[in-house]
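Enquirer: The structure under discussion is supplied below as structure tokens; questions concerning it will follow.
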Amino acid sequence: MGSLPSTVAQNVAAVQERAERAAERSGRRPSEITIVGISKTFPVERVREAFELGIRHFGENRVQEWESKAPLVEGLDATWHLVGHLQRNKAARAIRLFHTIDSLDSLPLAEKLNQIAGEGRRLPVLIEVRLDPTATKLGCAPAELPRLAEGVLLMPHLELRGLMTIPPMTPEPEGARATFRKLREMRDGISQQLKCPLAELSMGMSRDFDIAIEEGATQVRLGTALFGARHAAR
Ligand SMILES: *Cc1c(COP(=O)(O)O)cnc(C)c1O
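Residue 4 is where the sequence shown starts when you use the numbering used here, and the numbers rise one by one after that.
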């Protein structure tokens, strides 16, 4: 009398298979790709469930929401990512709650994080690049990337690991491919220019993560594909 697998269990199996197939198509190893479960709007029970199924990375886009949920999963040995815009006045709260800031978008924010991360700590960060011309506030402009990356590399308490982006919404998921390729090229270019190999590319969400993997994603951020439909539109 086995019980039926939960929806999250079915979703985890399905996304792992989709990720593996995409990796194979592009001659990559599935182990190169990390699934980051984006749990915004979902109760922590879903996070716990996904953790039990082997997901070890989770992300939220708002400091305040995670501040109320984090205590409920204290002790869970996962890596918590901030993937949404961070205001400088919330930087101190953010670094208490998250292991990595994947949405670093300005030099003043980097300076603030570097200052409060403090001695003995190197906070991993990704720079979010704005490749969607219709988005106005998310990510640094492509033209600003070299200066921001160079600045972050000089900061002793930040560790620049790579780049992140959110592609423009296109009618078909395939439409995001050019954006993913562009981010990979920018990562390669900046790594060479600054003589510092940046390993991580966080790109691809529920609708297009297989395409992102084909274009080199090392982290895919999955909300609905893992946890189901969100009622709030974000
Ligand atoms: C919500 C969100 C995601 C996940 O979106 P889905 O389409 O549900 O997979 C990924 N990245 C960021 C930055 C988000 O805010």
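Cβ coordinates follow ideal geometry from the N, Cα and C atoms, glycine included.
1. Tell me which residue opens and which closes the beta strand (DSSP E) that residue 127 is part of.
2. Leaving out five residues before and five after residue 57 in sequence, what residues of the same chain have Cβ atoms less than 8 Å from its Cβ?
3. Does DSSP put residue 173 in a helix, a strand or coil?
4. Whose C-beta lies closer than 8 Å to the C-beta of residue 159 among residues of the same chain, with five residues either side of it excluded?
5. Quick one: using the 10 Å Cβ neighbour count with 16 as the cut-off for buried, is residue 222 buried or exposed?
6. Would the segment 133-149 count as touching the segment 100-113 if we require 3 or more Cβ pairs under 8 Å?
7. By the 10 Å Cβ neighbour count, where 16 or more other Cβ atoms means buried, how is residue 75 classified, buried or exposed?
8. Shortest alpha-carbon distance to residue 164 belongs to which of 28, 65, 152 and 175?
9. Could you pull out every residue in the same chain whose Cβ sits closer than 7 Å to the Cβ of residue 73, ignoring the five residues on either side in sequence?
10. Decide if residue 24 is buried, meaning its Cβ has at least 16 other Cβ atoms within 10 Å, or exposed.
11. Assign residue 200 to one of two classes, buried (16 or more other C-beta atoms within 10 Å of its C-beta) or exposed (fewer than that).
12. Going by C-alpha distance, which of 41, 191, 176 and 102 is nearest residue 213?
13. So, with DSSP's three-state summary, where would you put residue 197?
14. Leaving out five residues on either side along the sequence, give the residues of the same chain with a beta carbon under 8 Å from the beta carbon of residue 321.
15. Pick out the complete alpha helix (DSSP H) segments inside the segment 15-55, 4 residues or longer, and give them in chain order.
16. Opposite residue 224 in the DSSP bridges: which residues?
17. Please report the distance separating the alpha-carbon of residue 178 from that of residue 130.
18. Would you grab the beta carbon distance between residue 228 and residue 47 for me? Rounded to a whole angstrom, and I think it's under 8 Å.
Expert: A quick look at the data gives this:
1. Per DSSP, residue 127 belongs to the beta strand (DSSP E) from 126-131.
2. Taken in chain order, the residues that qualify are 15.
3. Secondary structure of residue 173 (DSSP, three-state): coil.
4. Only residues of its own chain outside the window of five on either side were considered, and among them 117 and 125 have a CB closer than 8 Å to the CB of residue 159, listed in chain order.
5. Buried is the call here.
6. As far as the Cβ criterion goes, the segment 133-149 touches the segment 100-113, which means the pair count is three or higher.
7. So residue 75 counts as exposed.
8. In this structure, 152 is the residue among 28, 65, 152 and 175 with its C-alpha nearest to the C-alpha of residue 164.
9. Excluding residues within five positions, the ones whose Cβ falls inside 7 Å are 100.
10. That one is exposed.
11. Around the beta carbon of residue 200, a 10 Å sphere encloses fewer than 16 other beta carbons of the protein chains shown; the residue is thus reported as exposed.
12. Comparing Cα-Cα distances from residue 213 to each of 41, 191, 176 and 102, the minimum goes to 176.
13. Coil.
14. Missing from the structure shown is residue 321; the chain here goes from 4 to 237 and no further.
15. For the segment 15-55, the continuous alpha helix (DSSP H) assignments of 4+ residues that do not extend past its boundaries occur at 47-55, in sequence order.
16. Beta-bridge annotation (DSSP): residue 224 is paired with 39.
17. Linking residue 178 to residue 130 through their CA atoms gives a straight-line distance of about 22 Å.
18. Residue 228 to residue 47, Cβ: 19 Å. No contact.
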